[in-house]
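Numbering (the UniProt record's numbering), first residue to last: 1 to 1243. For each residue, glycine too, the CB sits at the ideal point set by N, CA and C. Just so we're clear, the structure is a prediction, and the values are computed from it rather than from any experiment. Let me begin by presenting the structure, written as structure tokens, before commenting on it.
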Amino acid sequence: MGWSSEQIQAIETRGCNLLVAAAAGSGKTSVLVERIIHQITMPGPQGEEPIDVDRMLVVTFTSAAAAEMRSRIAARIAAMQQQKFSRRLARQAALLNSANISTIHSFCQSVVRKYFYLLDLDPGFRVGAAAEMELLKADVLEQVFADCYEADDPGFSLLIDHYADADGDDTLMQLVLNLYEFSRSHPWPEHWLRQLASRFDLPAETGVDDTPWSNLLRQEILLQLENRAWALDRLIREAEADPDFGAYAETFAADSEIIGELILAARLSWAKLEQAFVGLDFVKLKTVRGGDEDRREYFKSRRDAVKKAVNGIRDSYFARSGADLIVDMRGLTPLVSALAQLVIAFSTAFSQTKRKKSVLDFSDLEHFCLAVLLDESSSPGDPKPSAAALQMRESFAEVLVDEYQDTNGVQETILVLLTRDDPPNRFMVGDVKQSIYRFRLAEPRLFMEKYRSYPSEGIGPCRRIDLAANFRSRALVLHASNFLFGQLMTEAVAELDYGEAERLNPGLDYPPCADSLAGVELHLLERRPQDTEAEQAVVTESESDPAAGQSSHDGSAALDSFSREAAWIASRINQLMQGGHQVYDKETKGYRPLGWRDIVILLRSVQGKAQPMLDLLRAAGIPCYADMDTGYFRETEVGIIVSLLQILDNPRQDIHLAGVLRSPLFHFSGQELALLRVADGGKEHHRDLWDLLLSMAQEETQQPLLKEKTAAFITTIARWRSLARRRSVAELLWLIYEETGFYDYAGGMPGGAFRQANLRALFDRARQYEATNYRGLFRFLRFIEALTARGADLAVARALGENENVVRIMSIHKSKGLEFPVVFVADIGKEINLSDTRELVLCHRDWGIGPYVTLPNQGYRYPTLARWAIAQQLRRETKAEELRILYVALTRARERLILVGSARDLAAKCIAWAESATLGARTLPEAQTAAAKTYLDWIVPALVRHPDGAPLREAAGITDNATPEGLEIDTNSSCWQITLDFTPDTGSDQAEGEQESDLWQQMRQLQPVSVSSDAAEIRRILNWQYPYSAVVGQPAKLTVTEIKRRMAETAAEAKLLYTPTLYSRPRFTGEKKLTGAQLGTVTHLVMQRIQPQLGLTKADIARQVEFMTAAEFLLPEEAAAVDIDAVAAFFTSDLGKRLQQALWVKKELPFSLMLPAERFAPATQGSGDSVFVQGTLDCLFAEADGLVLLDYKTDYTADARQLAERYAVQLSLYAEAVTAIIGQPVKEKFIYSFCRREAVPVE
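Put into structure tokens, the structure is as follows:
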């Protein structure tokens, strides 16, 4: 291929540290390969001998990239050998296998293995799998916490008070793990942890302006104020141009002056800003008589929004004085110090455990390698090479780093120690605009520091070369990206300016073609008001998708916003495929018909979105495949086998057992399971399903076939359980596959190849698991449970080749490095995930941690200066990365780029997006860009200023369709096709082609409508009411307790049922007294478990309670709270004696019943609807002449009649349920009050 002048410089330049800023599609991998070929074949600038390939260190981001690099080098050498044989090239081909071309972790592993003796490591160490490390961390952390409890450490107790909750230590444990992982991205993690408290240990005389937080926070406040000032300037211009409301301009100008003073103060100091906000007072809006009311309301609402935002800043940041904020920071010093010490203790214990087990994780590889390379005289921030590092420096003639923008601090320090200063020998290539791995703790600032400091011209020890020519995409696609990011990317918002050096320039000349796909589209859809946007954090890169299965979308039902996008995309794909379009094939250098595999749909996250997209595409006849990292354990075939493993470990798990029985493994029908329960007869209802199976297999029965089937099942399970104790999990799994034929059965199901691949993957994962330090079925199941408890998952097995002719659905992250002729970027109206800014304790590389001030006794917390500042910094960094993710998405397209998004109240959104339409500056206001919540908030304001943005301006009510005068960005090179769909819903009627009336079209386009013969129709539409509105909001399911609450006659009684608690202290902090609800639960449990045949004297009951405690039915503190005297008194009462003599007794008997809804919700009168009612009877016993219903109460009451009245509704419903289900009437109903030791009859 022909090389550009910039590429030639990148290939041939030597003798300096060289940074190559390679834009998307600029051929950086080819340049890197060619540079290596040039180094091994050509002499140096001073006549030096060519470098052997094994004297280069080439570091790549992934193992796949390393393999591709090695393959490309081998192919180039082979091609050169075919042209002319060379002994040198033959030698390089032989050395290539031993060349250091690998990921940073592979290189670190080789260093650690070579110098293990310096680290006191077992040379036979292995690298543990991520799952194994997670289990090991959990075990070590539990032991660290147990040791801290035993030592009664005051610092640990302080952490428990602040971060533990009523359910245990999970929150604090997760906090420790998060801080540990974050610290490992630092070259000196322990030093970073130890200095955390120093940021809080401030001298008493310190002011806010003496801290680093002042500048960070004032920058954020300044952006918000500038955004409001910009909004006011627009209001002033609009008011001045309005003949009726011109007087408002004077008030708006006064508001603008106030905000101007705040902006000036924000640029000076925190103290000045605090003083300015204390005196904040907006003037009253002038009174204007006459004029259009809608216009008046517009001005008022816009001004109120500005006032609300400014007052919100005051209330958020200045409700407490600066002195109080400093006091808060100082008060947190002991807590932060204790937290750091706990993380260090865990780190030490975890490291010791890994050494004992001779296992390391990837982080260990980096840090142990760093330990080898660092001299003992090194200190944090001042790395000095060791003798081993100096030796390696001499062995490497050049160090080449691919994807340098994704390097972290530890990796950077390693590279610094490996490279020489004289002459410099470091080559770095990457694109900071494609740095999208912040979640992996990548530090794009490392790239930017060199990008800004390395000169692009001249000769020196450091140099920068920009590769801006794009050899991937058509000019139209590149110009579209330039138009957007030239307005959006500034240093203040995106951490870099998108100037001339960053622009993408066409480098590939596409031959002319009449049927080409060249073009860029934006399609916006109205989101229905009832559509809800799930704000999930996930985003990122541990993605979870619903299991594959039957589509949950009914084509006749209205689609939600994303499904509407998916339906539109499906329609557009079919249009493209049927349009006879041609795509350019780089391999054949010619055009060919568009294929399914040429199309990709990119999503910011595939979580919950990939499966609906697949369903709709398949329904439209489009072959497709989603690249998902999750959903494995939700797959049907995997769930069945995991349930089987669960019951092999413990068969007394009814849900898993029932699932296995009903599965294709054993083919028990629903009727047979019901017969098992019916065969239980009048025996205790709480017997589990395994007991029922044993009884069926061993006792006489009228179901001989079921007995035989059950016996065979028990025999099989017993044999497999025996094998589970003697064989590995993997062996057991394969034996089950073979004996049951389930593997073949799964292959015959829809998607059989995928299902079999999933079963093989489970076998492989079990085999890998057994290769770790963990063994056995129990630990394997614990690993799976730990994954699902954390919301994690594994990827479904892949049974699809790269060249399959299907449309692909993948996340933007997965698409990095790939290219497709047609790219859909969907769901761009999804809100940007800022969950990192809402963590309990925020972490930042440079600014430490940001905790809350927590008042455990009051159950209250509020943010600190540090938290505010770090949250602001994290928001800025997150949005900067989101802009880069959008850049990656748009630069995947070769020929056609199609953006699809939806927004609620699209017309109003267009008005907001168009506020920048008249601005002539090259970039959009930084305040507006920083305030964006979705990708659409970036894309549309930029396109409003484009000549092709006329549909957007029209929707915003801008009649002048001219672009701003003096616009400093090129609008002529890019072309956009923009469509807006204001249809709020898509249903079966429209799908069948029903044409809308002109009236509806006018309304949806926000055009004025005339009063005509359609007036009656308009009136009918506007007066329409949902015929079942009375039923809306009524519950479909109620518990008896909830029904009682709804029918409570007084507010005092309702309050008795539920009293909200502001804060509940953990049990382990010393508070042992049980609440009234807990005491009631304990009493009910004792009455359920008491065995009359074991005796009912006080001593007998006390022994039975001790047995319940030993059997772990009760906790010791619960057993101590049991009123033995009250229980004994019940059994000596007349009612207790009747219970002992009953024909049969049912305890804690659950029931379900359908009852008319109008009994509990008068609004549903006449609807015919029913309510599903659930409850549990405390006790029901039978006497010769009927049934007796008994309910236990521990409520304190001085009046037995009040108790009977309070619970009359509840017991009446119980009696009605008994009569309906059992078919016998209840002759008597009693409440037994343990407080009064009295049986109270209920009428």
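- Limits of the unbroken beta strand (DSSP E) element including cysteine 624: What you label residue 624 is simply residue 624 of the sequence shown in a count that begins at 1. Taken as a continuous stretch (DSSP letters only), the beta strand (DSSP E) holding cysteine 624 covers 624-626.
- Message: Just to confirm the assignment, what range does the beta strand (DSSP E) spanning tyrosine 860 have?
- Response: As a position in the sequence shown, residue 860 is number 860, starting the count at 1. Counting along the chain, tyrosine 860 sits inside the beta strand (DSSP E) bounded by residues 860-863.
- What's the call for leucine 1143, buried or exposed, on a 16-neighbour Cβ count within 10 Å? By one-based count along the sequence shown, residue 1143 stands at place 1143. Answer is exposed; the Cβ neighbour count stays below 16.
- Message: Buried or exposed, going by whether 16 or more other CB atoms sit within 10 Å of the CB of histidine 667?
- Response: As a working note, residue 667 is residue 667 in the sequence shown. Under this definition histidine 667 is an exposed residue.
- What residue does the alpha helix (DSSP H) around aspartate 937 start on, and which one ends it? As a first step, residue 937 is located in the sequence shown; it is residue number 937 there, counting from the start. Looking at the DSSP string, the run of the alpha helix (DSSP H) that includes aspartate 937 is 936-943.
- Buried or exposed: where does glutamate 34 fall if 16 or more other Cβ atoms within 10 Å of its Cβ makes it buried? Within the sequence shown, numbered from 1, the residue matching residue 34 stands at position 34. Glutamate 34 comes out buried.
- Message: Between serine 516 and glutamate 895, how many whole angstroms is the CB-CB distance? I'm expecting something under 8 Å.
- Response: By 1-based counting over the sequence shown, the position of residue 516 is 516. By 1-based counting over the sequence shown, the position of residue 895 is 895. Confirmed, about 7 Å.
- Message: Less than 6 Å between C-beta atoms, sequence neighbours within five positions excluded: which residues of the same chain meet that for tyrosine 769?
- Response: Locating residue 769 in the sequence shown gives position 769, where the first residue counts as 1. Same-chain partners within the cutoff: Phe780.
- Item | Outcome for proline 1060 when other beta-carbon atoms lying within 10 angstroms are tallied against a minimum of 16 | Stepping through the sequence shown from its first residue, residue 1060 is reached at position 1060. Note on proline 1060: pLDDT 37, under 50, position unreliable in the model; no value is reported.
- For the beta strand (DSSP E) that contains arginine 203, what are its first and last residues? The residue labelled residue 203 in the question sits at position 203 within the sequence shown. Checking the displayed sequence, the identity of residue 203 turns out to be proline instead of arginine. From DSSP, proline 203 is part of no beta strand (DSSP E); its letter is neither H nor E.
- Message: From the DSSP secondary-structure annotation, give me the bridge partner or partners of arginine 426.
- Response: What you label residue 426 is simply residue 426 of the sequence shown in a count that begins at 1. Val399.
- Query: Helix or strand or just coil, what does DSSP make of alanine 537?
  - Reply: Numbered from its first residue, the sequence shown carries residue 537 at position 537. Note on alanine 537: pLDDT 35, under 50, position unreliable in the model; the coordinate value appears next. It is coil, neither helix nor strand.
- Task: Please list, in chain order, all residues of the same chain as leucine 478 whose beta carbon is under 6 Å from its beta carbon, the five residues on each side excluded.
- Result: Start at 1 with the first residue of the sequence shown, and residue 478 comes out as number 478. For leucine 478, where only same-chain residues beyond five positions count, the Cβ hits under 6 Å are Asn470, Leu504, Pro506.
- serine 106 by DSSP, collapsed to three states: which one? Taking the sequence shown and counting its residues from 1, the one referred to as residue 106 is at position 106. In this structure, serine 106 counts as helix in the three-state DSSP scheme.
- Going by Cα to Cα distance, which pick from Arg1159, Ile832, Leu119, Leu216 is closest to leucine 1038? Locating residue 1038 in the sequence shown gives position 1038, where the first residue counts as 1. The residue with the shortest Cα to Cα distance from leucine 1038 is Arg1159.
- Where the beta strand (DSSP E) through serine 26 begins and ends: The residue labelled residue 26 in the question sits at position 26 within the sequence shown. Where serine 26 is concerned, there is no enclosing beta strand (DSSP E), given that its DSSP letter is neither H nor E.
- Task: Can you tell me which of the three DSSP states arginine 1236 falls into?
- Result: Within the sequence shown, numbered from 1, the residue matching residue 1236 stands at position 1236. Coil, per DSSP.
- From glutamate 521 to valine 888, what does the alpha carbon distance come to, in whole angstroms? As a first step, residue 521 is located in the sequence shown; it is residue number 521 there, counting from the start. As a first step, residue 888 is located in the sequence shown; it is residue number 888 there, counting from the start. Taking the straight line from one Cα to the other gives about 17 Å.
- Cβ pair count under 8 Å reaching 3, the segment 580-600 against the segment 920-927: no
- For threonine 979, which option in Leu1149, Ala138, Val944 has the closest C-alpha, if you only look at C-alpha atoms? On the sequence shown, residue 979 is found 979 positions in, with the first residue counted as 1. Of the candidates Leu1149, Ala138, Val944, the one whose C-alpha sits nearest the C-alpha of threonine 979 is Val944.
- Item | Supposed close pair lysine 284, tyrosine 248 - CB separation, criterion 8 Å | On the sequence shown, position 284 is the one that residue 284 refers to. On the sequence shown, position 248 is the one that residue 248 refers to. About 12 Å separates the beta carbons of lysine 284 and tyrosine 248, which is beyond the 8 Å limit, so they are not a contact pair.
- Message: Going by beta-carbon coordinates alone, are residue 1247 and valine 900 separated by less than 8 Å?
- Response: Nothing about residue 1247 can be read from this structure; the chain reaches only from 1 to 1243.
- Message: If you follow the alpha helix (DSSP H) that arginine 303 is in, where does it begin and where does it stop?
- Response: Mapped onto the sequence shown, residue 303 falls at position 303. Here the alpha helix (DSSP H) through arginine 303 covers 293-317.
- Task: With a 10 Å radius around its C-beta and 16 neighbouring C-beta atoms as the bar for buried, classify glutamine 391 as buried or exposed.
- Result: What you label residue 391 is simply residue 391 of the sequence shown in a count that begins at 1. The residue in question, glutamine 391, is exposed, as its Cβ has fewer than 16 Cβ neighbours within 10 Å.
- Item | Integer Cβ distance of glutamate 12 from histidine 38, believed to fall under 8 Å | Translated into positions along the sequence shown, residue 12 becomes position 12. Translated into positions along the sequence shown, residue 38 becomes position 38. Rounded, the Cβ-Cβ distance is 6 Å, consistent with contact.
- Item | DSSP state of glycine 590 mapped onto helix, strand, coil | Stepping through the sequence shown from its first residue, residue 590 is reached at position 590. Glycine 590: strand per DSSP, three-state reduction.
- By how many angstroms is the C-alpha of histidine 844 removed from the C-alpha of alanine 869? On the sequence shown, position 869 is the one that residue 869 refers to. On the sequence shown, position 844 is the one that residue 844 refers to. For alanine 869 and histidine 844, the distance between alpha carbons rounds to 10 Å.
- Message: What does the alpha-carbon distance come out to for the pair glutamine 275 and asparagine 227?
- Response: As a first step, residue 275 is located in the sequence shown; it is residue number 275 there, counting from the start. As a first step, residue 227 is located in the sequence shown; it is residue number 227 there, counting from the start. Using only the alpha carbons, I get a separation of about 21 Å.
- Report the rounded CA-to-CA distance for arginine 634 versus leucine 476, giving the unit in angstroms. To locate residue 634, count along the sequence shown from 1; it is residue 634. To locate residue 476, count along the sequence shown from 1; it is residue 476. Their backbone Cα atoms lie some 43 Å apart in a straight line.
- Message: Could you pull the DSSP bridge partners for serine 1152 from this structure?
- Response: Counting from 1 along the sequence shown, the entry for residue 1152 is found at position 1152. For serine 1152, which the question treats as bridged, DSSP gives the partners Gln1174.
- In this structure, does DSSP put proline 1241 in helix, strand or coil? The count along the sequence shown starts at 1 and reaches residue 1241 at position 1241. Three-state DSSP puts proline 1241 in a strand.
- Please go through the same chain and pick out, in chain order, the residues whose beta-carbon is closer than 7 Å to the beta-carbon of leucine 706, but skip the five residues on each side of it. Numbered from its first residue, the sequence shown carries residue 706 at position 706. Counting only Cβ-Cβ distances below 7 Å, and skipping sequence neighbours, we find Glu672, Leu675, Met696.
- Just grab the DSSP bridge partners of residue 1276 for me. Given a span of 1 to 1243 for the chain in the structure shown, any question on residue 1276 remains unanswerable.
- Message: Which residues does DSSP list as the beta-bridge partners of glutamine 671?
- Response: The sequence position of residue 671 within the sequence shown is 671, counting from 1. None, per the DSSP bridge assignment.
- Give the straight-line distance between the Cα atoms of alanine 1121 and valine 208, rounded to the nearest whole angstrom. Stepping through the sequence shown from its first residue, residue 1121 is reached at position 1121. Stepping through the sequence shown from its first residue, residue 208 is reached at position 208. Their backbone Cα atoms lie some 52 Å apart in a straight line.
- Message: Looking at the secondary structure, which residues open and close the alpha helix (DSSP H) in which aspartate 649 lies?
- Response: The sequence position of residue 649 within the sequence shown is 649, counting from 1. Where aspartate 649 is concerned, the enclosing alpha helix (DSSP H) stretches over 636-649.
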